[in-house]
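Q: This is the structure I want to talk about, given as structure tokens.
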Amino acid sequence: MDIDPIRRNKKPRLLLETEREKLDEFVDSIHYSARYNDDKFEYRHVQLPKNMLKKIPADYFDSAKGTLKLLWEEEWRALGITQSLGWEHYEVHEPEPHILLFKRPLNYQPPLQQ
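So for the sequence shown, the UniProt record's numbering puts the first residue at 1; every next one is plus one.
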């Protein structure tokens with residue numbers, strides 16, 4: 001289940017301060033699911049408020065699908081999504097494009113700081 005590089009920006013596209021300010025009102029309404037897992041990964045989904053999608057810059061979206069692109073960590077954190085380290089945005093639930101799917105390896109341990 002590798003990330004398709006065509007479905008994300010070539011490099012993280014950071015938000016401008018004015019763009020970020022438009023999203024601040026939604027941060028407290030972001031919903032985080034409980035974690036669930038298979039034999040390789042743990043997963044969770046993050047549900048953004050539907051009105052929040054209207055405030056996210058257009059270049060965060062895949063125009064062919066009408067959903068958000070797969071976001072780099074810097075991008076989803078800039079939107080106000082807060083999670084521990086190691087999570088990767090790997091899919092958007094197309095029937096409900098405000099639901100983002102995340103995964104990370106089971107028993108993930110962050111790299112040691114030197």
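Cβ atoms here follow ideal geometry from the backbone N, Cα and C, with glycine treated the same way.
(1) Check each candidate in P97, P95, G80 and name the one with the smallest Cα separation from L15.
(2) Going by C-alpha distance, which of N107, K54, W87 is nearest V46?
(3) In this structure, what does DSSP give as the bridge partners for D39?
(4) Just the Cα atoms here: how many angstroms apart are S63 and L101?
(5) Which residues in the same chain as M52 place their Cβ atom closer than 6 Å to its Cβ, once the five residues preceding and following it in sequence are excluded?
(6) For K55, which of R44, P111, L68 has the nearest alpha-carbon?
(7) Throw me the rounded Cβ distance for the S29 and R44 pair, which I believe falls under 8 Å.
(8) State the beta-bridge partners of Y32 as determined by DSSP.
(9) Have a look at S84, A78, Y108 and flag the residue whose alpha-carbon is nearest the alpha-carbon of E17.
(10) How would you write the range of the beta strand (DSSP E) that R104 sits in, first residue to last?
(11) Within this structure, are the beta carbons of L85 and E42 separated by less than 8 Å?
A: Reading off the structure:
(1) If you compare the alpha carbons of P97, P95, G80 with that of L15, the shortest gap goes to G80.
(2) Of all alpha-carbon atoms in N107, K54, W87, the one lying nearest the alpha-carbon of V46 is that of W87.
(3) Bridge partners of D39: none, in fact.
(4) Distance between the alpha carbons of S63 and L101: 19 Å.
(5) Within the same chain, M52 has close Cβ partners F26.
(6) Nearest Cα to K55 within the set R44, P111, L68: L68.
(7) The pair is not a contact, with the Cβ atoms about 17 Å apart (cut-off 8 Å).
(8) Beta-bridge analysis with DSSP links Y32 to V46.
(9) Of the listed residues, the one whose Cα sits closest to E17 is A78.
(10) 99–105 is the span of the beta strand (DSSP E), which, as asked, contains R104.
(11) Cβ distance not < 8 Å, so L85 and E42 don't count as in contact.
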